[in-house]
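Engineer: Sending over a structure as structure tokens; questions will come in a sec.
Numbering (the numbering used here), first residue to last: 0 to 187.
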């Protein structure tokens with residue numbers, strides 16, 4: 000369909016909570032195609048509707064690498080229904096060009112959602128795989144949460160943002176995740 004402009008960190012709409020999709024209409028189908036086209040054009044692993052200025056609960060992911068065939072997964076009105084374990088991950092985001100920092104994520108997640116045809120499905124991603132981390136990353140976008148809110152070291156994250164001329168970190172938005180921190184400290 001169309002490659003859309005990806006909003007960059009600092010755009011207020013990236014911090015808004017997205018609205019539920021009431022019907023998988025032609026408009027939503029077009030949005031899904033735009034998300035996929037934009038994600039592939041940017042060499043991304045995932046992209047959420049708020050990142051292209053659409054405040055609805057939709058995201059796409061494709062973790063295929065190298066010579067693997069494309070394998071897009073569409074999530075409409077997703078809900079994480081189970082999460083466990085902890086993993087440290089170095090993440091970036093298409094809304095933060097070139098900026099990466101270490102974040103805390105759950106190692107295992109189970110999510111339920113609707114696919115692009117409006118059919119419900121449940122998916123499990125385990126062992127801190129790229130899929131498990133991407134699901135959490137994109138899901139957060141739908142609630143106005145960004146990957147830097149999960150940073151392991153605030154000062155490292157601030158330095159990365161400064162290096163790429165991105166707005167400062169808002170310490171008020173950092174998410175305290177004691178159970179993840181405790182789990183990660185056990186593994187160190």
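By construction, the Cβ of each residue, glycine as well, lies at the ideal position given by its N, Cα and C atoms.
Among all the DSSP beta bridges, which residues are the ones paired with residue 89?
Structural biologist: Stepping through the chain shown from its first residue, residue 89 is reached at position 90. Residue 89 pairs with 101.
Engineer: Excluding sequence positions up to five away, which residues of its chain have a Cβ less than 6 Å from the Cβ of residue 159?
Structural biologist: Counting from 1 along the chain shown, the entry for residue 159 is found at position 160. For residue 159, where only same-chain residues beyond five positions count, the Cβ hits under 6 Å are 98, 100.
Engineer: Report the residue ranges of all alpha helix (DSSP H) runs contained in full by the region 131 to 179; include only those spanning at least 4 residues, in chain order.
Structural biologist: Those alpha helix (DSSP H) runs which fall completely within the region 131 to 179 and span 4+ residues are 153 to 162.
Engineer: Just list the residues that DSSP pairs residue 123 with in beta bridges.
Structural biologist: Numbered from its first residue, the chain shown carries residue 123 at position 124. Answer is 109.
Engineer: Does the region 36 to 55 come close enough to the region 3 to 10 to have 3 or more Cβ pairs within less than 8 Å?
Structural biologist: They touch, by the three-pair rule.
Engineer: By the DSSP assignment, the alpha helix (DSSP H) with residue 27 in it spans what residues?
Structural biologist: If you number the chain shown from 1, residue 27 lands on position 28. Residue 27 -> alpha helix (DSSP H) spans 25 to 40.
Engineer: Taking just the CA atoms, how far does residue 41 sit from residue 126?
Structural biologist: The residue you call residue 126 lines up with position 127 of the chain shown. The residue you call residue 41 lines up with position 42 of the chain shown. So the alpha carbons of these two residues sit roughly 26 Å apart.
Engineer: Straight-line CA distance for residue 52 to residue 60?
Structural biologist: On the chain shown, residue 52 is found 53 positions in, with the first residue counted as 1. On the chain shown, residue 60 is found 61 positions in, with the first residue counted as 1. Roughly 18 Å between the two C-alpha positions.
Engineer: Note down the Cα distance separating residue 75 from residue 83, rounded to an integer number of angstroms.
Structural biologist: For this step, residue 75 is matched to residue 76 along the chain shown. For this step, residue 83 is matched to residue 84 along the chain shown. The alpha-carbon atoms of residue 75 and residue 83 are separated by roughly 23 Å.
Engineer: For residue 139, count neighbouring Cβ atoms within 10 angstroms of its own Cβ and tell me buried if that reaches 16, exposed if not.
Structural biologist: Within the chain shown, the letter at position 140 stands for residue 139. Result: buried.
Engineer: How far does the beta strand (DSSP E) with residue 118 in it reach, from first residue to last?
Structural biologist: As a first step, residue 118 is located in the chain shown; it is residue number 119 there, counting from the start. It is not in any beta strand (DSSP E) - residue 118 carries neither H nor E in the DSSP assignment.
Engineer: Near residue 117, what residues of its chain come up, given a Cβ to Cβ distance below 6 Å and the 5 sequence neighbours on each side ignored?
Structural biologist: The residue you call residue 117 lines up with position 118 of the chain shown. Cβ within range, chain order: 23.
Engineer: Opposite residue 72 in the DSSP bridges: which residues?
Structural biologist: Here residue 72 corresponds to residue number 73 of the chain shown, with the count starting at 1. DSSP output for residue 72 lists 60 as bridge partner(s).
Engineer: How long is the line joining the alpha carbons of residue 113 and residue 25, rounded to whole angstroms?
Structural biologist: Locating residue 113 in the chain shown gives position 114, counting from the first residue. Locating residue 25 in the chain shown gives position 26, counting from the first residue. So the alpha carbons of these two residues sit roughly 15 Å apart.
Engineer: Can you tell me whether DSSP reads residue 51 as helix, strand or coil?
Structural biologist: As a first step, residue 51 is located in the chain shown; it is residue number 52 there, counting from the start. Residue 51 falls in the helix class under three-state DSSP.
Engineer: Give the C-beta separation of residue 103 and residue 87 to the nearest angstrom, bearing in mind that I take them to be a contact with Cβ-Cβ under 8 Å.
Structural biologist: The sequence position of residue 103 within the chain shown is 104, counting from 1. The sequence position of residue 87 within the chain shown is 88, counting from 1. Yes, they are in contact, since the Cβ atoms of residue 103 and residue 87 sit about 7 Å apart, within 8 Å.
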